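**Student:**
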Amino acid sequence: MADNIRTVKHATCTFCGCVCDDMELTVDMDKKVITKAKNACVLGRAWFAEHHIEDRPAAMIDGKEVTVEEAIEEAAQVLAGAKFPITYGLSDTTCEAQRQAVAITDIIRGTLDTTTSVCHGPSGLAFQGVGESTMSLGEVKNRADLVIYWGGNPAESHPRHFRYAVTPKGMFIPNGKKDRTVVMIDVRKTPSAPVADILIQIKPGKDFELLWALRAKVKGKKVDPKIEEITGVPLSTINDLVERMKNCRYGVLFFGMGLTMTRGRHFNSGALLALATDLNEFTHFVAKPVRGHGNVTGADNVVSWQTGYPFGVNFSRGFPRFNPGEFTTVDTLSHGDADAALIIASDPASNFPKAAIEHLKTIPVISLDTKQTLTSKIAHVAFATATYGINTTGTVYRMDDVPIPLRPAFDSPYPSDEEILTAIRKRVHELILSRRGARGATGEAKVASKQVL
Amino acid sequence: MSLELSMHTPPEVPLEAELLTPDRTVGMDSNAVSGIAIQHGNRQVTVGDFFTVKGKGEGELHLEGDLSRVKHLGSGMSSGSLYIHGDVGEHLGAGMSGGKIVIDGNAGSWVGPEMSGGRIIIKGDAKHLVGSAYRGSAVGITGGEIYIHGNVKNETGHGMRNGLIVAGGNSGDFTGVNMLAGTIIVLGEMGIRSGAGMKRGTIISMHPTEMLPTFSYNCDFNPIFLRLMLRALQSQNFNIEDKQITGKYQRWSGDSVEMNRGEILIFRE
Ligand code: SF4
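So the sequences go chain by chain: A and B.
Okay, so the first sequence: first residue is 33 according to the numbering used here, each after it adds one.
Okay, so the second sequence: first residue is 74 according to the numbering used here, each after it adds one.
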């Protein structure tokens, strides 16, 4: 066994939105690998174990190796020259890097979007339309006696989610799971089903109808008895669930992409949030999306804090405008609007609709990623960066909007996303100022040149 | 004489031309109109960079060419006529309060969002959110008329407060969602979840459609207002059969999770 072994306590796993911060990592500093990740789930263990330093150039332009400085210059030139540049990704990097990306997009008057638009974007829209009755996972641990999962399979996607919401003993829940009723509502029996006390199987794409029926019942209104035919859920089950929801002490609705990405989208999330709101007439009820990527919640927080909107923000006019469906990346690409793209820690070239990918291939792409992806392969400028949480410090947000600091295990030869983005931001700022200056410095440019960003 | 603009250079990225309206160009000659600022992506350019301008502004504006990437045309207009000979992009007639817009081709999403008056006629199809509220606002159109001869997609009349929307073809899901008042007529097939969360207002469908569990059936009847309305639509070349004018309609009321004062009328032969 090698001597140069280090243990990192209270490290954070950034693989999924649970962002578990109780990892104990054993690191072989010579080989630069993590040999053991105590407390991690299967996904977390794989995330830590698979991480090793890849041998690829830190920066490439059109597939040829260049210095990082050259690549930054090229990236800045492309972005500053573009008329409709888009920034996308951001969910798998630190809040510090996200901040720089927002600043770049603001300076180049681009369009900013995160992976939220393809997972829980509908929930973001629904928050605006309906409002959100929210909480932290600590509250759920200490208080929740009715836990409902809707359209998600946490056992496979967020294996340790149950440790926050189902199994832990809390202040008012002394016996843990025994004191809780767990309800799973899904279209099929998933591996999460054994956790559930009550399993409700619903016909695919009928979530909205069931939510609407629940809302009506909670309000004491009549529901068309055809509801069983439509949703596959008998009226008696609905009545029973409504009684449980009204009579619990603290209820929580967790919802996943099974709800947000099926027919109805933001109306499905909206209906669920409205149901939580309705239930607050009777008891305390909260709702929370179960977020996927490590720091996608951070992306929402940073983008909202800096621009006022969570995703799909456009700066063409010099001020932020929000319009999902117009400024979300799938749309700006499929319509062929974008003329340059800055893609951070995401791989749209492999998972976007075909029309969007086709357009992406025709425009200069700047990509930052820890591994080689389809996007980095088609990129005009590709940066290899260090992995957040394993090689770099920073802040990430857990799915309940709680910020958690990262404790890295070992160094990477590659720069962090934040370092690259900061350098690009400085350079585009200079380029934009000189362009405005060439046209006769306006008052705005003079003020901007004094600003310390 | 009217103003005629024809596109000579197609834009590389979307153009935003909210200043191009018949009322704002009144009294302008072709030079002045060529100098109007429009937004090309993140750069400000002028109308002359993309359009050849002929004529003089007298309240009638004709645009020609592929305008599918030109957004915000006719935004906030209050009078005059805007004719578009071709397809047009998003946010057509956003927030307009008067005047008339006629489109020969298809329109993008957000036709007449939050408009308060005037008339929009589209000969082709439109996309999502026709006559709707913008994201984050609860109230959609507060007046005016939107006639679409082709199909529309989801969320037609979202949050509508007043006015009339007619779709000659099919509509998508959530027609009249969160509607507060006003009238929506769909002559083709209507998608599902119509009238979800509606407080008041009328949605009329010529074909059977799946109702939400929170709507309840009241009666069959032949409302007088509908006869008048359908005759008026017939005169505008909408395809309406006589039996639809004289026939009976099922009345459903809802949405019971809200005030239950809205109605959906479904033609039943
Ligand atoms: S639940 Fe998620 S954050 Fe926690 S260890 Fe597993 S993969 Fe990592």
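Glycine residues also receive a C-beta, built at the ideal position from the N, C-alpha and C atoms.
Computed from a prediction, not measured in an experiment: that's the story for all the values here.
So with Cβ pairs under 7 Å, would you call residue 473 of chain A a contact of chain B?
**Tutor:** Confidence is the limiting factor: at residue 473 of chain A the pLDDT is only 45, short of 50, which leaves the residue's position unreliable, though a coordinate-based value still follows. Chain B, which has no Cβ nearer than 7 Å to the Cβ of residue 473 of chain A, makes this no.
**Student:** Does the region 441-456 of chain A come within contact of the region 129-145 of chain A, defined as at least 3 CB pairs closer than 8 Å?
**Tutor:** yes
**Student:** Let's test the definition: count the other Cβ atoms within 10 Å of the Cβ of residue 240 of chain A and tell me whether it reaches 16, buried, or not, exposed.
**Tutor:** buried
**Student:** In this structure, how does DSSP classify residue 482 of chain A when only helix, strand and coil are distinguished?
**Tutor:** At residue 482 of chain A, the pLDDT of 45 sits below 50, so the modelled position is not reliable; the number obtained from the coordinates is stated separately. Correct three-state label for residue 482 of chain A: helix.
**Student:** Using the beta-carbon count (16 or more within 10 Å), is residue 222 of chain B buried or exposed?
**Tutor:** buried
**Student:** Residue 136 of chain B touches chain A at which residues, Cβ-Cβ below 8 Å?
**Tutor:** Those within 8 Å of residue 136 of chain B in chain A number zero; the least Cβ separation is about 20 Å.
**Student:** Buried or exposed: which applies to residue 36 of chain A, given that a residue is buried once 16 or more other Cβ atoms fall within 10 Å of its Cβ?
**Tutor:** exposed
**Student:** If we define contact as Cβ-Cβ less than 7 Å, is residue 256 of chain A a contact residue for chain B?
**Tutor:** yes
**Student:** If we ignore side chains and look at the alpha-carbon of each, how far apart do residue 39 of chain A and residue 293 of chain A end up?
**Tutor:** 40 Å
**Student:** Nearest chain B C-beta to residue 337 of chain A closer than 7 Å, yes or no?
**Tutor:** no
**Student:** Where do the N-terminal and C-terminal ends of the alpha helix (DSSP H) with residue 351 of chain A fall, by residue?
**Tutor:** Residue 351 of chain A -> no alpha helix (DSSP H), and no H or E assigned at all.
**Student:** Are any of the Cβ atoms in chain A nearer than 7 Å to that of residue 78 of chain B?
**Tutor:** no
**Student:** List, in chain order, every chain B residue whose beta-carbon is nearer than 8 Å to that of residue 369 of chain A.
**Tutor:** 86, 87 and 142
**Student:** Would you identify the three-state DSSP class for residue 271 of chain B, choosing helix, strand or coil?
**Tutor:** coil
**Student:** Answer with buried or exposed for residue 43 of chain A, where buried requires no fewer than 16 other C-beta atoms within 10 angstroms of its C-beta.
**Tutor:** A residue is called buried when at least 16 other Cβ atoms come within 10 angstroms of its Cβ; residue 43 of chain A meets this threshold and is buried.
**Student:** Is it the case that the Cβ atoms of residue 186 of chain A and residue 224 of chain A are separated by a distance below 7 Å?
**Tutor:** The answer is yes: Cβ separation under 7 Å.
**Student:** At a Cβ threshold of 7 Å, is residue 478 of chain A touching chain B?
**Tutor:** In this prediction, residue 478 of chain A scores a pLDDT of 45, lower than 50, which makes its location untrustworthy; the coordinate-derived value is nonetheless stated afterwards. Cβ-Cβ to chain B under 7 Å: no for residue 478 of chain A.
**Student:** Could you tell me if residue 74 of chain A is buried or exposed, where buried requires 16 or more neighbouring beta carbons within 10 angstroms of its beta carbon?
**Tutor:** exposed
**Student:** Let me know the secondary structure DSSP gives residue 411 of chain A once reduced to three states.
**Tutor:** Looking at residue 411 of chain A - three-state DSSP - the assignment turns out to be coil, as it is neither helix nor strand.
**Student:** Could you check whether the Cβ of residue 115 of chain B sits closer than 7 Å to any Cβ belonging to chain A?
**Tutor:** Between residue 115 of chain B and chain A, the shortest Cβ-Cβ separation is below 7 Å.
**Student:** Between residue 318 of chain B and the rest of its own chain, which residues show a CB-CB distance below 6 Å, the 5 nearest in sequence each way excluded?
**Tutor:** 300 and 303
**Student:** Is residue 325 of chain A near the ligand SF4, with its Cβ less than 6 Å from a heavy atom?
**Tutor:** no
**Student:** Determine the DSSP secondary structure at residue 105 of chain A, reduced to helix, strand or coil.
**Tutor:** Residue state, collapsed to three classes: helix.
**Student:** With respect to 6 Å, is the separation between the Cβ of residue 84 of chain A and the closest non-hydrogen atom of the ligand GTP below this value?
**Tutor:** Of the ligands one can find in the structure shown, namely the ligand SF4, none is the ligand GTP.
**Student:** Starting from residue 182 of chain A, trace the beta strand (DSSP E) in both directions and tell me its first and last residue.
**Tutor:** 178-182
**Student:** In this structure, how does DSSP classify residue 330 of chain A when only helix, strand and coil are distinguished?
**Tutor:** helix
**Student:** Assuming residue 26 of chain A contacts residue 283 of chain A under a Cβ cut-off of 8 Å, what Cβ separation, rounded to an integer in Å, is found between them?
**Tutor:** The requested residue 26 of chain A does not occur in the structure, where chain A is confined to residues 33 to 485.
**Student:** Which residues, in chain order, does the region 308-330 of chain A contribute to contact with chain B at a C-beta distance below 9 Å?
**Tutor:** 310
**Student:** Okay, do the region 156-170 of chain A and the region 259-274 of chain A touch, 3+ Cβ pairs below 8 Å being the bar?
**Tutor:** no
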